[in-house]
Structure formats: structure tokens, C-alpha cells
């Protein structure tokens with residue numbers, strides 16, 4: 001693979017570069033796998049070292065480092081109110097109070113560093129690439145964010161009994177039982193920048209996205225958009241606000257990260273990277289017809 005030459009444009013956007021090597025590697029592996037499945041049942045042997053989707057064996061000395069469902073690393077001692085698992089902060093302002101204070105500034109102020117909203121959303125892409133630890137566990141633990149009386153959004157009638165429900169994050173069930181083993185949250189993504197935002201952390205998930213032809217990922221007939229989730233991959237499908245019911249998961253786009261359909265900016269980056277994968281796949285196929 002080190003001797004493979006793939007011509008890439010010199011003026012490639014800075015947002016593409018961190019993922020280009022990952023995309024090329026996955027394209028090459030896809031082509032080799034597709035080739036090995038052809039030939040009238042003859043299985044071709046491949047000696048290409050394949051990158052795992054779940055993050056294992058990135059560090060051969062510590063194979064489990066950064067793998068899916070590992071503990072988040074603590075840089076400070078836990079701060080549970082009982083030292084084990086009970087929520088802290090009961091004597092501090094609620095998140096809603098802080099949100100109102102922080103977001104009370106003027107709209108439309110320009111960035112002093114000449115940054116646009118695109119930077120913030122690309123930061124979300126990178127964050128989603130390396131961590132997913134805020135999703136609810138099973139069984140669900142329901143808690144409340146208290147709302148001040150006469151809150152202009154949540155308590156316009158000044159009833160004083162409003163609150164925002166939230167679920168506690170999933171955690172290792174073997175922790176949270178004693179001060180020697182406080183509750184530890186799990187990272188449901190790989191901790192490596194290995195393309196899991198594009199290709200997921202599961203081979204079965206990725207196979208649902210693959211066309212199995214020329215290393216391409218599935219798109220619509222025009223090649224401009226990903227296909228809808230007719231395979232019913234477990235994408236996040238939370239009830240839409242004010243609808244309060246589950247909607248058909250097949251309305252969502254089939255992409256590698258379960259959170260990509262949550263907002264237009266994140267979805268745009270996911271579609272851009274999927275289409276760039278197919279661009280690279282076509283170039284690799286054109287330059288290496290024998291693969």
C-alpha cells in the first residue's frame with residue numbers, strides 16, 4: 001500500500017486532509033474484499049493488514065486502548081456527591097440557569113479570529129469521531145433539570161413546577177458499587193481518529209452501507225446523496241420535539257455515525273465525506289484495474 005500512487009488535488013480543502021488517508025485505506029480494503037468475493041466461488045487470499053472497525057489493536061502493546069466500550073480516562077478524581085454514583089451539583093445553579101446567562105449576549109457578533117460557524121460544526125465532527133458517552137443506559141435513569149419560576153421558555157404561566165427531564169449516561173455495570181470502584185462511563189466510539197464517523201465501528205454496519213462494487217458506498221441513482229435507512233441500521237431516532245412519538249427510522253440517511261441525522265451541518269459533513277470516499281474509490285479503481 002505504501003507504494004500505491006493515487007493522484008489527489010493539490011488544493012484539497014483543509015477539512016478533507018485529516019480523513020484522506022483513512023478513506024484511501026478503506027477504499028483499497030473494500031476493493032480487495034470485493035475482488036476476493038468474485039471468481040466463481042474461488043476465494044483469493046489477501047495478506048493486507050486490515051484495520052479493525054472497533055478500535056482494537058491500534059496499539060499492539062495495549063490492544064484494548066481506544067476500543068469501543070472502554071472506560072473514559074479520568075484526569076481528576078470522581079466528584080460524585082457520595083463518592084460512588086450519586087449526582088453532584090445539587091447546591092449549584094441548574095444547567096438551565098447557566099444556559100440563560102451564557103446565551104443572553106447579542107446575536108450576529110463577528111468572530112475576532114475570523115472564524116465561521118463551519119469551524120464549530122467541524123469540531124463536532126472530530127468530537128463525534130472520538131467519543132460518544134452521553135447516551136442513556138439501560139435501564140434508563142431519569143432525572144430532572146429544575147426550571148426557575150416564570151422561565152420565559154418553559155414556564156410562561158409561572159406555575160413553578162416545570163422541569164426538563166434527562167437520562168443519565170450509560171456506564172460499566174461492574175462499577176458504581178463502592179468508593180473503590182466509582183461509576184465509570186463508557187465510550188461507545190473508538191478513541192482514535194480512524195474514520196469511524198464515516199465507516200462506523202462495526203463491520204456489519206459498514207456492510208449495510210457498501211455497494212460491493214468497485215469499493216463504492218451506496219448512494220442514490222445520481223450519486224449525490226446516501227440511501228435511506230431501509231436496512232434499519234440503529235441510527236439515533238429520538239422523538240422529534242413537540243411530536244412526542246417515534247417516527248419511521250427509514251426516513252433517515254444511512255451513514256456511519258448514528259448521530260449524523262441530528263442536525264443539518266453534521267449531516268452535510270457526513271454526506272461530503274461519503275461522496276469523497278466514492279471519488280477516491282473511482283480514482284483508485286481507474287489506476288489499478290487489476291485490483
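In our numbering, the protein residues as written are 1 to 291. Ideal Cβ positions, reconstructed from N, Cα and C, are used throughout, including at glycine. If you're wondering where the values come from, they're calculated on a predicted model, not measured in any experiment.
Let's test the definition: count the other Cβ atoms within 10 Å of the Cβ of residue i and tell me whether it reaches 16, buried, or not, exposed.
| i | result |
| --- | --- |
| residue 120 | exposed |
| residue 319 | Coverage of the chain is limited to positions 1 through 291, which leaves residue 319 absent and any answer about it impossible. |
| residue 209 | buried |
| residue 270 | buried |
| residue 129 | buried |
| residue 48 | exposed |
| residue 284 | buried |
| residue 281 | buried |
Could you tell me the alpha carbon to alpha carbon distance between residue i and residue j, rounded to whole angstroms?
| i | j | result |
| --- | --- | --- |
| residue 261 | residue 131 | 17 Å |
| residue 99 | residue 88 | 18 Å |
| residue 70 | residue 223 | 36 Å |
| residue 148 | residue 105 | 20 Å |
| residue 79 | residue 188 | 22 Å |
| residue 273 | residue 124 | 14 Å |
| residue 170 | residue 61 | 28 Å |
| residue 186 | residue 86 | 17 Å |
| residue 226 | residue 266 | 14 Å |
| residue 136 | residue 238 | 12 Å |
| residue 175 | residue 221 | 49 Å |
| residue 39 | residue 264 | With a pLDDT of 49 at residue 39, under the threshold of 50, the modelled position of this residue cannot be trusted; read the value that follows with caution. Taking the straight line joining both Cα atoms gives about 42 Å. |
| residue 247 | residue 234 | 13 Å |
| residue 115 | residue 153 | 30 Å |
| residue 231 | residue 199 | 16 Å |
| residue 177 | residue 77 | 16 Å |
| residue 111 | residue 155 | 33 Å |
| residue 101 | residue 165 | 20 Å |
| residue 212 | residue 56 | 25 Å |
At a cut-off of 7 Å, is residue i close to the ligand MG when judged by its beta-carbon and the heavy atoms of the ligand?
| i | result |
| --- | --- |
| residue 126 | As presented, the structure is devoid of all ligands, the ligand MG included, so that no description of it is given. |
Contact check, residue i vs residue j under 8 Å by CB: the rounded distance?
| i | j | result |
| --- | --- | --- |
| residue 190 | residue 54 | 7 Å |
| residue 144 | residue 151 | So it is not a contact: roughly 14 Å between Cβ atoms. |
| residue 81 | residue 94 | Not quite, the Cβ-Cβ distance comes to about 15 Å (not below 8 Å), so this is no contact. |
| residue 317 | residue 58 | In the structure as shown, the chain starts at 1 and stops at 291, and residue 317 therefore has no counterpart that could be examined. |
Should residue i and residue j be called a contact, given that it needs their Cβ atoms to be closer than 8 Å?
| i | j | result |
| --- | --- | --- |
| residue 229 | residue 203 | no |
| residue 218 | residue 254 | yes |
| residue 278 | residue 206 | no |
| residue 51 | residue 194 | yes |
| residue 141 | residue 159 | no |
| residue 84 | residue 183 | yes |
- Query: In the segment 223-280, which residue ranges form an unbroken alpha helix (DSSP H) of at least 4 residues, counting only runs that do not cross its ends?
  - Reply: Runs of the alpha helix (DSSP H) inside the segment 223-280: none found.
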